[in-house]
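Report on the structure given below.
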Amino acid sequence: MTTRPEYVVRQFRENECLITAIVRDPGDEQVIIYGVVARRGRLVGSYYCLDHVRDDCRIVTADGQQHESTDPKRPLTEPLAVYTLTNMTTPPAHRLT
5 MTTRPEYVVR QFRENECLIT AIVRDPGDEQ VIIYGVVARR GRLVGSYYCL
55 DHVRDDCRIV TADGQQHEST DPKRPLTEPL AVYTLTNMTT PPAHRLT
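The opening residue of the sequence shown carries number 5 in this note's numbering; numbering runs sequentially from there.
So, in structure tokens, the structure goes:
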């Protein structure tokens, strides 16, 4: 008999941003499924895991641009994806006035 994985939503703040992430098996593997970064209620971007073994993520910014690691020796990990999104300048179309 196999057990179904458990999913939880994890929220935290960093650099004036609210990060919301969906995590599978939070007690064991802690695999990030998907995360969203918002600043003052506006979407900055999101990230999701491409390779759970290497913890390699892809970033999609609010304007639809996609970013991922091109170096197989240096994956874009979840902490690096969060750092990148929380430190990028909000595109003009999404800036609060």
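Even glycine gets a Cβ: it sits at the ideal position worked out from N, Cα and C.
| Item | Value |
| --- | --- |
| For residue 90, which of helix, strand or coil comes out of DSSP? | helix |
| Apart from the five residues just before and just after residue 37, which ones in its own chain have a Cβ nearer than 6 Å to its Cβ? | 26, 28 |
| Between the region 39–59 and the region 10–25, can you find at least three pairs of beta-carbon atoms closer than 8 Å? | yes |
| Between the region 61–70 and the region 8–17, are three or more C-beta pairs nearer than 8 Å? | no |
| Compute the beta-carbon to beta-carbon distance between residue 49 and residue 89, rounded to the nearest angstrom, for a pair I have assumed lies under 8 Å. | 5 Å |
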